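The first sequence runs 107 to 946 under the numbering used here.
Backbone N, C-alpha and C define an ideal beta-carbon position, used for all residues, glycine too.
Just so it is clear, the structure is predicted and the values come from calculations on it, not from any experiment.
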Amino acid sequence: MTDKTQSPPTEAELPIAYDPSAVERKWQERWVERGTNQVDLAGADPYYTLMMFPYPSAEGLHVGNLFAFTGNDIHGRFQRMRGHTVFEPFGYDAFGIHSENYALKVGVNPNELIPRNIANFGRQVRRAGLMVDWRYAVSTTDAAYYKWTQWLFLQLFKRGLAYKKKGAVNWCPFDKTVLANEQVINGACERCGTMVEQRFLEQWFFRITDYAGRLLENLETLDWSESTKTAQRNWIGKSEGAELSFRVQDLMEFAGSATVGGGGLSGEVISTPVELRVFTTRADTIFGATFLVVAPEHPLVDRLATEEQRAAVEAYRDAAGKQDIVTRKVNREKTGVFTGSYAINPANGELLPIWVADYVLMEYGTGAIMAVPGHDERDFEFARKFGLSTPRVVGRDAHDTRPPTDAAFTDTTSGVMVNSGKFSGQGVAEAKRNIVDWLARRGAAKPVVQYRLHDWCISRQRYWGPPIPIIYCDACGPVPVPEKDLPVVLPRLENFRPDDSGVSPLARDKSWFRVSCPTCGKPARRETDVSDTFLDSAWYFLRYPSADRTDVAFDAARTRHWLPVNSYIGGNEHAVLHLLYSRFITMVLHDAGMLAFEEPFTRFRAHGTIVRDGAKMSKSRGNVVNPDEYVEKWGADSFRTYLMFLGPYEEGGDFRDQSISGVRRFLDRVWASAHEVSREGEPAAGVMRKLHQVIDKVTNDLPALSYNTAIAAMMEYVNVLRAHERRPHVREVEPLVQLVAPFAPHVAEELWEVLGHHESVFDAGWPVFDAALAVEESVTVAVQVNGRTRGTVQVPKDAGQDAVVEAAMAEPVIAKFVTGAPKKVIYVKNRLLNLVIQGL
RNA sequence: GCCCGGGUGGCGGAAUCGGUAGACGCAGGGGACUCAAAAUCCCCCACCGGCAACGGCGUGCGGGUUCGAGUCCCGCCCCGGGCACCA
Numbered sequence: 107m108t109d110k111t112q113s114p115p116t117e118a119e120l121p122i123a124y125d126p127s128a129v130e131r132k133w134q135e136r137w138v139e140r141g142t143n144q145v146d147l148a149g150a151d152p153y154y155t156l157m158m159f160p161y162p163s164a165e166g167l168h169v170g171n172l173f174a175f176t177g178n179d180i181h182g183r184f185q186r187m188r189g190h191t192v193f194e195p196f197g198y199d200a201f202g203i204h205s206e207n208y209a210l211k212v213g214v215n216p217n218e219l220i221p222r223n224i225a226n227f228g229r230q231v232r233r234a235g236l237m238v239d240w241r242y243a244v245s246t247t248d249a250a251y252y253k254w255t256q257w258l259f260l261q262l263f264k265r266g267l268a269y270k271k272k273g274a275v276n277w278c279p280f281d282k283t284v285l286a287n288e289q290v291i292n293g294a295c296e297r298c299g300t301m302v303e304q305r306f307l308e309q310w311f312f313r314i315t316d317y318a319g320r321l322l323e324n325l326e327t328l329d330w331s332e333s334t335k336t337a338q339r340n341w342i343g344k345s346e347g348a349e350l351s352f353r354v355q356d357l358m359e360f361a362g363s364a365t366v367g368g369g370g371l372s373g374e375v376i377s378t379p380v381e382l383r384v385f386t387t388r389a390d391t392i393f394g395a396t397f398l399v400v401a402p403e404h405p406l407v408d409r410l411a412t413e414e415q416r417a418a419v420e421a422y423r424d425a426a427g428k429q430d431i432v433t434r435k436v437n438r439e440k441t442g443v444f445t446g447s448y449a450i451n452p453a454n455g456e457l458l459p460i461w462v463a464d465y466v467l468m469e470y471g472t473g474a475i476m477a478v479p480g481h482d483e484r485d486f487e488f489a490r491k492f493g494l495s496t497p498r499v500v501g502r503d504a505h506d507t508r509p510p511t512d513a514a515f516t517d518t519t520s521g522v523m524v525n526s527g528k529f530s531g532q533g534v535a536e537a538k539r540n541i542v543d544w545l546a547r548r549g550a551a552k553p554v555v556q557y558r559l560h561d562w563c564i565s566r567q568r569y570w571g572p573p574i575p576i577i578y579c580d581a582c583g584p585v586p587v588p589e590k591d592l593p594v595v596l597p598r599l600e601n602f603r604p605d606d607s608g609v610s611p612l613a614r615d616k617s618w619f620r621v622s623c624p625t626c627g628k629p630a631r632r633e634t635d636v637s638d639t640f641l642d643s644a645w646y647f648l649r650y651p652s653a654d655r656t657d658v659a660f661d662a663a664r665t666r667h668w669l670p671v672n673s674y675i676g677g678n679e680h681a682v683l684h685l686l687y688s689r690f691i692t693m694v695l696h697d698a699g700m701l702a703f704e705e706p707f708t709r710f711r712a713h714g715t716i717v718r719d720g721a722k723m724s725k726s727r728g729n730v731v732n733p734d735e736y737v738e739k740w741g742a743d744s745f746r747t748y749l750m751f752l753g754p755y756e757e758g759g760d761f762r763d764q765s766i767s768g769v770r771r772f773l774d775r776v777w778a779s780a781h782e783v784s785r786e787g788e789p790a791a792g793v794m795r796k797l798h799q800v801i802d803k804v805t806n807d808l809p810a811l812s813y814n815t816a817i818a819a820m821m822e823y824v825n826v827l828r829a830h831e832r833r834p835h836v837r838e839v840e841p842l843v844q845l846v847a848p849f850a851p852h853v854a855e856e857l858w859e860v861l862g863h864h865e866s867v868f869d870a871g872w873p874v875f876d877a878a879l880a881v882e883e884s885v886t887v888a889v890q891v892n893g894r895t896r897g898t899v900q901v902p903k904d905a906g907q908d909a910v911v912e913a914a915m916a917e918p919v920i921a922k923f924v925t926g927a928p929k930k931v932i933y934v935k936n937r938l939l940n941l942v943i944q945g946l
């Protein structure tokens, strides 16, 4: 059977050589002619498969893009072959700083640059053979798209979910724009790496914090990668704790009909002591509080500062105000100053000095804390520096009462309360509940839930984005642009470079921003900020099925039919922001009665990243893979299949030039098999057995995105198929072509035609697994003696233990280790026999 | 510091429930075909010892549980990513 070469085929018998470029050109044209990739939006059994749409960079398609798209395409093609009507749309996320900075760098207006990039990107994507229905492609930069982004803003505005506030914001001095907290990485701008500064500007925010609880709870219902869910949970950052009130000594608050001022207090003054409220998750440690700390921006700072301390407090606050947000957030030595005031610990009546320190953040909790240096690392550090005491209130046991000396004792699981009055002896969790209850009864505590999540700042003082649809009128205030006047078209600006002024370049175009008020008709001016790119991408999945509609953002019937998205694939770099914002927007529209569901993506999987030679691809390293080159050399089918083969899809892998040849050889062998088929006689039982094992394997691997192992299984089958000196039977090859189709669509179409079919292989269904054909009649059972493998025996499938023991003892190599009667025999059917002689 | 991943041959990686570690592919070695080369086809390929049969050893390190551990438990080390004064 190795004599395949005995009668070499004549020239005429040689199969037509596989020429990928010819095959791919042919089928890409034919798909267009036949409308193969056009989805019937009213089709039955809809399946919406989505991938994160790309930013169309000037450098063109990156292998990482293609890796992501291909994985999604395979999923879509597979679902189609299984009988679904599959919608696999494509689009471009082309607004934003990334595009604008590049335009600035090369000196080309983004209005020209972006369409050029999109054209190039589209060409590359088409070449890769994606099953995209281009009739529903979108670009966020089209007025027909961003009209609805603006509409979306108005929906939030209408519901009080969009508001303007002046706040400390992250300002990138290089990009000259405000950044969301999410876009600041280790204190630096995520785009350019410049250290971010603090500025106070009027900004538009979305009230995503109103949805924090739902965004967190709903995660339980989603079929998402656990790591993505964890990232979202951490970002939302729920903390359950308590708000505690500390009465400030000798400081009163006046209410009622009282008047305060020149003439002193009037007779009917109602005065109450000022309460300083703190948030804590460790109410159990209240007996260990030795001081309080307020943030420099805390509204009570002025009143807390005593005469003697006023100068020091003001100096400290001013210095803190000049610092950028980042410096404050980075770990560094603690600083602070005593206000001169004291507060009363509601638990034991002790007087606690009140400090101002910038390690307490105004944005979180109440902007004030009770410091328990014995049991909090930061408070410990602060207490050390300023010579404050660090008593112990939680010990390893009831006798462990001496103050921690080296570090705070932060263990909350095993500790026992000490030095805590009547709560001493209780466990931490128990004490926490009891102390909050006890203080609550006296009006000094209430249970509170806090989130780390901040409201979403959507203003950008930049050019390349959708103008925020608001008009400012001196008489009427901020007025939303009436929906009938949308879109507010982004005007073409020749000078779109941002400057230090803190206002958008759009503020230079007077003819654009000067308008009359939609309400009163008086002269007014437009908002000149544009919105965050993340807003563009927070709803694009809603737009796709309705991309051809000009009258609505998303058509109700189509949305009902297609959404939520069945499968969403994307990069983990968007695991937090994009997915969180999309979920938020979906919830808002759900609450507005426009969507029946509140979660947009039923299933999400993050794909891995591709590195090359063990390192991230980057221009500076010179290890960037240009897909065009490889498609040219090996064909899109080989390239796609190789990308899926180089590692587990959800982990990515290492790109090696040499290794593509193995995948190409595999496709060559499939090609040859299809051209050599025989229609005579019957398929070989052994081949059919392997075939059905592989059908089963591939059918299970594809939904799990285990593409690399599916390909390995198909390779194994081809090895079996071609191991015999015979022409393969048509029934051995047809299912193979179907299995290969999602990976290598062009070759599969060609071979399907060669095998005599007229319809697209993607409309030919999926091979049906026949368990009876896949069954092996004999199996190899490993035989161990005392747990060490000593050999194998070939036995009939499902053989009983006695038969296997007998077969094993018949093998001298095994029997020689059996030195006595087995004390115990472990038999795992069809797998393993273990004879235990010694031990036990 | 905290939270996620991950560590298996020369390389990329398999091993679904604790059951023959290294599937599949690349690279390498040998052979067939060829005037020759490419392509194709066949064989070998963790490491140590051995001509071989075979034996030993082996999944980052150290312990443990088990008849049996890449897989489970405890304690570490290293690499990649995310968060980072969030009370």
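| Item | Value |
| --- | --- |
| On a CA-only basis, which of Thr-334, Ala-318, Ala-268 and Gln-338 is nearest Glu-308? Give me that one, please. | Ala-268 |
| Work out the CA separation of Tyr-748 and Gly-768 for me, nearest whole Å. | 8 Å |
| Please classify His-404: does DSSP put it in a helix, a strand, or coil? | coil |
| Distance, Cα to Cα, Asn-936 vs Ala-905? | 7 Å |
| Classify Trp-562 as helix, strand or coil using the three-state DSSP reduction. | strand |
| According to the Cβ coordinates, are Val-824 and Arg-771 closer than 7 Å? | no |
| Gln-944 lies in the beta strand (DSSP E); which residues open and close that run? | Neither: Gln-944 is in no beta strand (DSSP E) and is coded neither H nor E. |
| Assuming contact is defined by CB atoms lying nearer than 7 Å, are Glu-303 and Met-237 in contact in what I supplied? | no |
| Between the beta-carbon of Tyr-208 and the beta-carbon of Ile-224, is there less than 7 Å? | no |
| If you run the structure through DSSP and keep just helix, strand and coil, what is His-505? | coil |
| Around the Cβ of Gln-900, are there at least 16 other Cβ atoms within 10 angstroms (buried) or fewer (exposed)? | exposed |
| When we look at the beta-carbon of Val-694 and count the other beta-carbons within 10 Å, is it buried (16 or more) or exposed? | buried |
| Where DSSP assigns a beta bridge to Arg-305, which residues make up the other side? | Val-275 |
| Could you give the C-beta distance for Asp-615 and Leu-592, rounded to a whole number, given that I count them as a contact under 8 Å? | The pair is not a contact, with the Cβ atoms about 19 Å apart (cut-off 8 Å). |
| Just checking my contact of Ala-65 with Ser-351 at CB under 8 Å: how many whole Å lie between their CB atoms? | With the chain running from 107 to 946 in the structure shown, residue 65 is simply not present. |
| Across which residues does DSSP place Asp-329 in a beta bridge pair? | Arg-709 |
| Using CA atoms only, rank isn't needed, just tell me which of Pro-497, Asp-408, Phe-849 and Val-793 is closest to Arg-832. | Val-793 |
| Between Ala-947 and the rest of its own chain, which residues show a CB-CB distance below 7 Å, the 5 nearest in sequence each way excluded? | For the chain, the structure presents residues 107 to 946; residue 947 sits outside this window and is missing. |
| Can you tell me whether Ser-724 is helix, strand or coil according to DSSP? | coil |
| Counting only the same chain and skipping the five closest in sequence on each side, list residues whose C-beta sits under 7 Å from that of Val-366. | Because the pLDDT of Val-366 is 46, which lies under 50, any placement of that residue in the model is unreliable, and the number read from its coordinates should be weighed accordingly. If we look at Val-366 and ignore the five residues flanking it on each side, its Cβ neighbours are Phe-360. |
| With DSSP as the reference, identify every bridge partner of His-835, one or two as the case may be. | Ser-784 |
| One question on the structure: do Ile-716 and Val-169 come within less than 7 Å of each other, judged by their Cβ atoms? | yes |
| Tyr-51: which of Ile-574, Tyr-448 and Glu-705 sits nearest, CA to CA? | Because residue 51 is not part of the residues shown, which for the chain are 107 to 946, the question remains open. |
| I'd like to know if the segment 149-164 and the segment 751-765 are in contact, where contact means that at least 3 CB-CB pairs between them fall below 8 Å. | no |
| Assign Gln-532 to one of three DSSP states: helix, strand, or coil. | coil |
| Of the choices Val-522, Thr-516, Glu-487 and Pro-851, whose alpha-carbon is the least far from that of Arg-502? | Val-522 |
| By the three-class DSSP mapping on this structure, what secondary structure does Thr-639 have? | helix |
| Could you give the residue range of the alpha helix (DSSP H) that holds Ser-205? | 203-212 |
| Rounding to the nearest angstrom, what Cα-Cα distance links Ala-128 and Arg-896 in this structure? | 54 Å |
| Can you give me the start and stop residues for the alpha helix (DSSP H) that Ile-224 sits inside? | 216-233 |
| Roughly how many whole angstroms lie between the Cα atoms of Pro-754 and Arg-689? | 28 Å |
| Which whole-angstrom value is the C-beta distance of Thr-953 and Ala-200, which I expect to be below 8 Å? | Because the chain is modelled from 107 through 946, residue 953 falls outside the range shown and cannot be assessed. |
| Closest to Arg-566 by CA distance: which of Asn-276, Leu-845, Pro-918 and Val-658 is it? | Asn-276 |
| Based on the DSSP output, what are the partners of Trp-254 in its beta bridges? | Per DSSP, none; premise fails for Trp-254. |
| Entirely within the segment 653-699 and at least 3 residues each: give me those beta strand (DSSP E) ranges in chain order. | 673-677 |
| Beta-carbon separation of Met-468 and Ala-395 under 7 Å? | no |
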